[in-house]
Amino acid sequence: MISLLQQFDQQSPAESGKELHRFAAKLYPICRSITGNGIRRTLKLIGEKISLQVSEVPSGTEVFDWIVPKEWNVNDAYIKDSAGRRVVDFHHSNLHLLNYSTPIHTTMPLSELREHLFTLPAHPDWIPYRTSYYKPSWGFCLSHNQMLALSEKEYEVCIDASLEDGHLTYGECYLPGKSSDEVLISTHACHPSLANDNLSGLTVATFLARLLSGRELRYSYRFLFIPGTIGAVTWLARNREAAGRVRHGLVLTCVGDASGFHYKKSRREDAEIDRAAAHVLRHCGEPAEVLNFSPYGYDERQYCSPGFNLPVGCLMRSVWGTFPEYHTSADNLDLVHPGQLARSLQLCASIVDVLENNRTYLNQNPYCEPQLGRRNLYRSTGGQSIDGEINARLWVLNLSDGQNSLLDIAERSGLPFATIHNATELLLESKLLAEMASGA
Amino acid sequence: MISLLQQFDQQSPAESGKELHRFAAKLYPICRSITGNGIRRTLKLIGEKISLQVSEVPSGTEVFDWIVPKEWNVNDAYIKDSAGRRVVDFHHSNLHLLNYSTPIHTTMPLSELREHLFTLPAHPDWIPYRTSYYKPSWGFCLSHNQMLALSEKEYEVCIDASLEDGHLTYGECYLPGKSSDEVLISTHACHPSLANDNLSGLTVATFLARLLSGRELRYSYRFLFIPGTIGAVTWLARNREAAGRVRHGLVLTCVGDASGFHYKKSRREDAEIDRAAAHVLRHCGEPAEVLNFSPYGYDERQYCSPGFNLPVGCLMRSVWGTFPEYHTSADNLDLVHPGQLARSLQLCASIVDVLENNRTYLNQNPYCEPQLGRRNLYRSTGGQSIDGEINARLWVLNLSDGQNSLLDIAERSGLPFATIHNATELLLESKLLAEMASGA
Amino acid sequence: MISLLQQFDQQSPAESGKELHRFAAKLYPICRSITGNGIRRTLKLIGEKISLQVSEVPSGTEVFDWIVPKEWNVNDAYIKDSAGRRVVDFHHSNLHLLNYSTPIHTTMPLSELREHLFTLPAHPDWIPYRTSYYKPSWGFCLSHNQMLALSEKEYEVCIDASLEDGHLTYGECYLPGKSSDEVLISTHACHPSLANDNLSGLTVATFLARLLSGRELRYSYRFLFIPGTIGAVTWLARNREAAGRVRHGLVLTCVGDASGFHYKKSRREDAEIDRAAAHVLRHCGEPAEVLNFSPYGYDERQYCSPGFNLPVGCLMRSVWGTFPEYHTSADNLDLVHPGQLARSLQLCASIVDVLENNRTYLNQNPYCEPQLGRRNLYRSTGGQSIDGEINARLWVLNLSDGQNSLLDIAERSGLPFATIHNATELLLESKLLAEMASGA
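Line order of the protein sequences matches chains U, D and Z.
Take any residue in the first sequence, count from 1 to its spot, add 20: that is its number in this note's numbering.
Take any residue in the second sequence, count from 1 to its spot, add 20: that is its number in this note's numbering.
Take any residue in the third sequence, count from 1 to its spot, add 20: that is its number in this note's numbering.
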């Protein structure tokens with residue numbers, strides 16, 4: 021069977037990149053939050069690409085130490101001057117509204133209003149992104165220059181929003197494989213008009229799911245499109261059995277910008293996903309760095325909480341919080357390039373290929389080398405060096421003693437997993453290897 | 021309870037430094053050796069600062085492979101020229117006398133005398149420090165220039181000393197804690213007028229004991245003020261049971277000079293004291309280096325002999341033998357600064373804080389993060405990064421699975437132990453943590 | 021008993037080097053291959069130096085996945101121009117003939133002949149070395165300039181060789197020791213006129229065997245002089261029991277050139293031979309590098325196949341394949357220097373010394389240090405630093421708790437094995453140590 025990477029490469033990666041970017045652009049204008057119609061609309065668009073099951077969890081549901089909050093929806097929000105002009109307008113950018121603001125409609129002096137305004141003096145043209153999910157509050161985010169231009173004594177402030185009992189919404193795409201053991205791919209879907217964080221993650225996850233759909237799979241795959249933190253907490257609380265089946269997992273975020281790749285290891289730090297991702301990054305031909313686990317970040321925080329301790333890492337290009345556009349209006353569609361999205365998808369495909377094919381084999385002729393020459397698996401004229409493919413065959417034969425998986429062999433040999441896997445297929449055809457009897 | 025470091029810092033560190041230096045200055049003139057009245061007088065002065073139990077062990081006592089030697093005391097010692105002038109005079113510097121010299125009173129030609137003279141040609145103004153504890157011998161140490169000035173044919177040589185059956189003397193300060201498990205702090209008290217080696221160690225140990233006195237302690241603390249080698253051998257031979265209770269230990273020496281810190285690991289190399297000291301050094305803000313164990317050095321040689329293999333390391337500023345003033349008259353009170361003594365004491369306090377507080381806790385909400393926000397343990401506006409204190413809380417919660425002590429968490433997070441410990445206290449108050457049932 | 025290194029050093033190393041080089045020069049002209057009279061003649065000359073048992077294995081014998089090939093012998097081989105001049109002549113250099121060429125005698129156009137010619141355009145004056153053991157073929161190797169000079173239309177081609185049922189020949193030198201556990205030293209003896217690869221290995225192995233002959237040995241030693249690959253496969257197939265007794269092993273190759281040393285670790289990577297060789301290289305005073313195992317190389321490929329997984333590494337100066345003269349006529353007697361051969365032999369002797377003397381001892385006074393002074397094992401005047409020999413005694417005493425071998429102690433102390441071993445002998449004499457009861 022061709023590998024997932026080969027399947028991806030058979031399409032035009034350039035065309036894929038454009039398609040990924042078009043999809044991100046379609047999702048961009050929607051005002052998402054951890055609940056409400058924004059995330060519902062987002063899941064509907066994702067559901068047009070892949071088979072998605074959407075869940076609605078009522079406000080007030082207890083999920084571990086948390087409670088599903090009220091549902092938040094916005095019709096309109098603005099600050100008007102005395103001439104009735106909207107000096108700050110939600111319809112211009114949904115970042116203008118402090119996410120989860122409580123409704124208000126009043127006039128107030130600028131001095132009082134200021135306490136509800138958030139700006140970024142260091143980037144005076146950018147609008148910051150701020151939230152207040154769990155502490156009832158209201159506010160506006162605006163560019164620092166916009167704030168400096170506010171000169172009137174009083175302003176009309178309107179937040180036409182509802183914060184009422186409703187639901188928390190998330191989507192799942194489940195692709196069954198031969199084994200019920202699962203690979204979890206999780207992305208947060210609660211950020212409003214922010215492109216790298218995390219439309220890039222939503223998009224790459226969607227297209228990875230589409231790429232996997234219809235393939236014969238070793239593992240079952242579960243893609244989660246969930247609100248950050250509370251979504252992961254909710255899913256885990258409602259799916260403890262499925263969580264127990266997770267063998268490998270990835271959180272995808274910030275995978276569209278121009279940075280090299282970063283992989284943050286799971287809490288276990290030596291899980292197979294950690295080694296697979298580190299291996300793929302080492303051979304990816306781009307700058308790449310593996311980071312140690314830390315308990316702050318995205319939803320790996322929940323998957324890697326000590327009670328679960330799931331083998332879930334986090335794949336990024338730029339690391340959240342470290343790039344200037346992070347959580348501002350400058351994290352827009354220009355920050356996210358088609359080619360970078362396509363390369364991220366390609367890298368995910370390579371990681372999946374490792375997980376799908378990382379098995380352990382037994383050399384059937386373990387005493388001395390088998391004579392590869394008469395099987396046309398060696399060069400015929402002696403005296404010169406062998407090439408990488410023959411080298412890979414020797415590595416696979418030498419280490420296939422039942423103790424080493426193909427990833428072990430790839431790591432020890434320094435050869436890419438795909439080269440080791442190709443060698444394995446040839447050796448299997450020649451009956452020089454046999455698969456170890458074992459689970460998935 | 022405030023930490024030992026906080027307790028120290030509440031005093032004026034500058035004033036502490038002066039007090040430490042004054043005490044060293046008071047001990048400086050005494051002619052100490054491995055037995056005799058010099059060490060007795062020294063222990064008496066220490067006993068004025070802390071509660072000290074003094075032991076006297078008779079000459080001839082067998083202690084493992086050794087025998088307690090005869091007691092040595094000196095009244096006078098000199099070399100006189102023909103005019104009766106003392107050209108070398110013990111009362112000028114007690115280093116002039118080869119320590120443990122046998123008595124003699126005679127005249128002899130310079131040619132014969134020379135075989136009993138020790139100088140340092142590379143430092144012609146310094147007097148070396150030499151000893152001959154176990155091979156009966158006599159001699160004088162003098163500056164090389166002094167020796168070059170000797171021009172007469174014959175000299176009167178007098179060593180008015182006694183080497184007779186008597187006792188070996190050492191002092192112990194025992195501070196009982198909740199557990200009978202012990203922390204051992206050991207310093208050699210046998211060097212005559214040498215300041216860094218080891219009045220600095222004597223002084224810091226004395227004031228550390230005073231700082232700990234009256235506190236509620238987790239461990240029991242035992243401070244040993246003993247003659248080098250034979251004192252440690254004697255104490256171990258007479259206290260095998262107490263030795264078996266030692267959980268952590270430090271030898272203190274050369275802690276007053278201007279060098280950065282050095283910690284020499286115990287023979288185990290991964291004992292808790294080794295990790296605690298390395299951690300504190302890493303965060304101490306001064307140059308600091310951790311050295312591997314070696315069987316040569318100070319009394320850690322005995323504590324770390326294979327039959328005992330106690331977890332005892334050695335804290336120094338300059339490493340013995342590596343600074344030019346080592347074992348010479350230039351290791352005087354000018355080499356030892358008040359501020360450096362105070363910082364050494366402060367560092368010891370930080371190490372003790374780690375030992376006293378390094379416990380293992382259990383996260384009471386191990387499934388997903390607990391909602392810190394509603395406990396006022398989180399920031400309230402989302403979108404910005406968290407600070408170091410919140411970060412410490414997340415680390416403590418994430419790793420408190422019963423497998424990780426606070427020191428483990430401090431090491432893995434890269435945060436100072438004190439920050440981790442503070443976070444732990446807050447989380448305990450919020451009932452988010454509970455202590456693991458366990459011994460000391 | 022003096023060490024093997026001391027025994028070697030008692031001879032004149034310069035004289036040894038000349039003797040080694042003379043022996044290599046004597047073997048140089050012989051046309052060796054994996055079977056035939058060349059290797060027989062070679063073994064006869066080796067047998068004049070050491071006690072050698074020669075085995076003959078019939079063609080057609082099955083050895084694991086391989087079959088012993090037909091025996092190859094050459095009388096003559098040439099390419100003649102129309103004037104009857106030999107433009108390529110086997111008697112000039114046995115490298116001219118593709119090793120294991122099938123017989124032929126015909127004339128053919130240059131265009132057809134070219135397909136059977138091998139040259140090195142990058143080194144136009146050198147003749148390459150090529151083989152075709154297992155695919156019936158014929159050919160000539162010549163310098164690129166020689167080939168460019170071929171201008172006639174037709175050439176007479178003659179390979180007067182036989183490829184017939186016969187035998188594969190190899191030699192063994194077995195030196196029995198106190199234990200039947202074996203040290204294996206293996207060199208390939210199948211290369212024709214190539215000096216570094218592997219007359220250097222043959223020569224050093226021969227003289228190492230001679231150096232060991234007549235000594236009282238801890239281990240039994242087996243030296244193998246065998247054709248590459250098929251020889252190792254054949255020996256292993258016929259000697260599975262002896263293979264099971266191999267505790268340590270070395271493949272020797274390319275040990276005569278001017279490069280620093282390289283040791284390629286066994287597949288186990290932490291076998292005692294790996295640690296012993298790495299230790300000796302670290303202290304050898306020449307550039308030296310330890311390489312990880314890889315399954316390509318010389319006969320360690322077979323010894324380290326997963327069914328055997330013997331602790332056999334490979335000692336080289338230049339690594340095969342990495343020096344320009346490798347497998348060309350430029351790998352001649354000028355590339356191999358007497359001094360380098362002697363130093364390689366000396367290094368082998370040091371490695372053998374580690375293997376022979378790496379035992380574990382028990383400190384008989386494990387509580388505190390024993391008093392070395394009264395045993396004349398310490399300096400008598402205190403105050404100065406100790407020397408390396410006393411330091412070695414302290415290390416041996418401190419670590420001889422039954423858990424550390426002398427090699428462990430040498431590694432942890434950073435001292436050369438010989439220094440540790442000398443200290444051990446002294447301490448044994450003083451009854452401060454006793455050997456652990458254990459096998460070889």
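Here a beta-carbon is modelled for each residue, glycine too, at the ideal position from N, C-alpha and C.
* To do: Quick one: grab the DSSP three-state call for Ile66 (chain D).
  => Three-state result, Ile66 (chain D): helix.
query: With 16 as the cutoff for other CB atoms within 10 Å, does Thr254 (chain Z) come out buried or exposed?
result: Result: buried.
Check: When the cut-off is 8 Å and only beta carbons count, does Ala460 (chain D) lie next to chain U?
Finding: Low confidence applies to Ala460 (chain D): its pLDDT is 41, below 50, so where it sits in the model is not reliable enough to give any reading.
Sequence-distant residues of the same chain with beta carbon closer than 8 Å to Ala457 (chain U), five excluded per side: Within the same chain, Ala457 (chain U) has no close Cβ partners at all.
| message | Let me check one thing: in DSSP terms, what residues is Met128 (chain U) bridge-paired to? | response | Looking at the DSSP assignment, Met128 (chain U) forms a beta bridge with U:Tyr175.
Checklist entry - Between Ile429 (chain Z) and chain D, is there a C-beta pair that is closer than 8 Å? => result Not one chain D Cβ lies under 8 Å of Ile429 (chain Z).
message = Would Thr401 (chain D) pass as an interface residue toward chain B - the criterion being a Cβ-Cβ separation below 8 Å?
response = Absence of chain B from the displayed structure is noted, the protein chains being U, D and Z.
Glu77 (chain U) to Ile87 (chain U) span [Cα, whole Å] = For the record, residue 77 (chain U) in the displayed sequence is Val; it is not Glu. The alpha-carbon atoms of Val77 (chain U) and Ile87 (chain U) are separated by roughly 11 Å.
Assuming the contact rule is C-beta atoms closer than 8 Å, Cys334 (chain U) and Glu345 (chain U) should be a hit. Round their C-beta distance to whole Å, please.
19 Å between Cβ atoms; not a contact.
Grouping DSSP H, G and I as helix and E and B as strand, with all else coil, what is Asp421 (chain D)? In this structure, Asp421 (chain D) counts as strand in the three-state DSSP scheme.
Close-in-space but distant-in-sequence residues of the same chain around Ala460 (chain D) (CB under 8 Å, 5 per side omitted):
Bear in mind that the predicted position of Ala460 (chain D) carries a pLDDT of just 41, short of 50, making it unreliable; the figure below should be weighed with that in mind. Excluding residues within five positions, the ones whose Cβ falls inside 8 Å are Lys198, Ser199, Asp201, Arg238, Tyr239, Arg267.
Nearest residue (CA-CA) to Asp277 (chain Z), options Z:Arg105, Z:Asp351, Z:Tyr387
Here the closest residue by C-alpha is Z:Asp351.
Exercise. Please list the partners that Arg394 (chain Z) has in chain D, where partner means a Cβ-to-Cβ separation under 8 Å.
Key: Residues of chain D passing the Cβ test: Tyr154.
Worksheet item: When burial is assigned at 16 or more other CB atoms within 10 Å of the CB, is Asn455 (chain D) buried or exposed?
Response: For the sequence presented, residue 455 (chain D) should be read as Glu rather than Asn. Exposed, since its Cβ has fewer than 16 Cβ neighbours within 10 Å.
Val416 (chain D) to Leu453 (chain D) span [Cα, whole Å] = Val416 (chain D) and Leu453 (chain D) have their C-alpha atoms roughly 9 Å apart.
If you follow the beta strand (DSSP E) that Gly280 (chain U) is part of, which residue opens it and which one closes it? Boundaries cannot be given for Gly280 (chain U), as no beta strand (DSSP E) includes it and DSSP labels it neither H nor E.
query = Is there contact here, the segment 161 to 176 of chain U with the segment 93 to 109 of chain U, by at least three beta-carbon pairs under 8 Å?
reply = Taking 8 Å as the limit for Cβ pairs, the verdict is that the segment 93 to 109 of chain U does touch the segment 161 to 176 of chain U.
### Query
What number of angstroms, rounded off, separates the C-alpha of Leu311 (chain D) from the C-alpha of Val224 (chain U)?
One C-alpha to the other measures close to 49 Å.
**Prompt:** Per DSSP, Phe245 (chain U) is paired with what?
**Reply:** Bridge partners of Phe245 (chain U): U:Gly191, U:Thr207.
*asked:* If the criterion is Cβ atoms closer than 8 Å, does the pair Leu130 (chain Z) and Glu174 (chain Z) meet it?
replied: Result yes, Cβ atoms of Leu130 (chain Z) and Glu174 (chain Z) sit closer than 8 Å.
**Prompt:** What does Ser420 (chain D) touch in chain U if you count any residue whose Cβ is under 8 Å from its own?
**Reply:** Residues of chain U passing the Cβ test: Pro326.
With 8 Å set as the bound, which would you pick, yes or no: does the beta-carbon of Glu409 (chain Z) sit closer than that to a beta-carbon of chain D?
Under the Cβ criterion of 8 Å, Glu409 (chain Z) is not counted among the residues facing chain D.
Worksheet item: Are there 16 or more other CB atoms within 10 angstroms of the CB of Ile179 (chain U), so buried, or fewer, so exposed?
Response: Ile179 (chain U) should be labelled buried.
Practice task
Report buried or exposed for Met336 (chain D), applying the criterion of at least 16 other Cβ atoms within 10 angstroms of its Cβ.
Solution key: So Met336 (chain D) counts as buried.
I want to see whether chain D comes within less than 8 Å of Leu414 (chain Z), judged by CB atoms only; does it?
Cβ-Cβ to chain D under 8 Å: yes for Leu414 (chain Z).
>> Using 8 Å as the threshold, is the C-beta distance between Leu256 (chain U) and Phe328 (chain U) below it?
In response: Yes, these two residues count as a Cβ contact at 8 Å.
key: Chain-ordered chain U contacts of Asn57 (chain D) [CB-CB under 8 Å]   = Result: empty, since nearest Cβ-Cβ is about 58 Å, beyond 8 Å.
For Cys334 (chain Z), the first and last residue of its enclosing beta strand (DSSP E): Start and end: 332 to 336.
Item to complete: Measure the C-alpha to C-alpha separation of Gln360 (chain U) and Gly37 (chain U) and round it to an integer number of angstroms.
Response: Approximately 7 Å, taken between the alpha carbons.
(request) Taking a Cβ distance cut-off of 9 Å, strictly less, list which residues of the segment 295 to 310 of chain U are near chain D, in chain order. (result) Listed by position along the chain: nothing, the set is empty.
message = By the DSSP assignment, the alpha helix (DSSP H) with Leu272 (chain Z) in it spans what residues?
response = Note, Leu272 (chain Z): premise wrong, no alpha helix (DSSP H); beta strand (DSSP E) at 266 to 272.
Review point. Should Ile429 (chain U) go down as buried or exposed, given a rule of 16 or more other Cβ atoms within 10 Å for buried?
Key: If you draw a 10 Å sphere on the C-beta of Ile429 (chain U), you find 16 or more other C-beta atoms in it, and that means buried.
So with Cβ pairs under 8 Å, would you call Glu389 (chain D) a contact of chain U? Flagged as an interface residue toward chain U: Glu389 (chain D), by a C-beta distance shorter than 8 Å.
key: Limits of the unbroken alpha helix (DSSP H) element including Ala44 (chain D)   = First-last of the alpha helix (DSSP H) with Ala44 (chain D): 33 to 47.
Per DSSP, what kind of secondary structure is Asn385 (chain D) in: helix, strand or coil?
Asn385 (chain D): coil per DSSP, three-state reduction.
### Message
Here's the rule: buried if 16 or more other CB atoms are within 10 angstroms of the residue's CB, otherwise exposed. What is Asn424 (chain U)?
### Response
By the 10 Å Cβ count, Asn424 (chain U) comes out buried.
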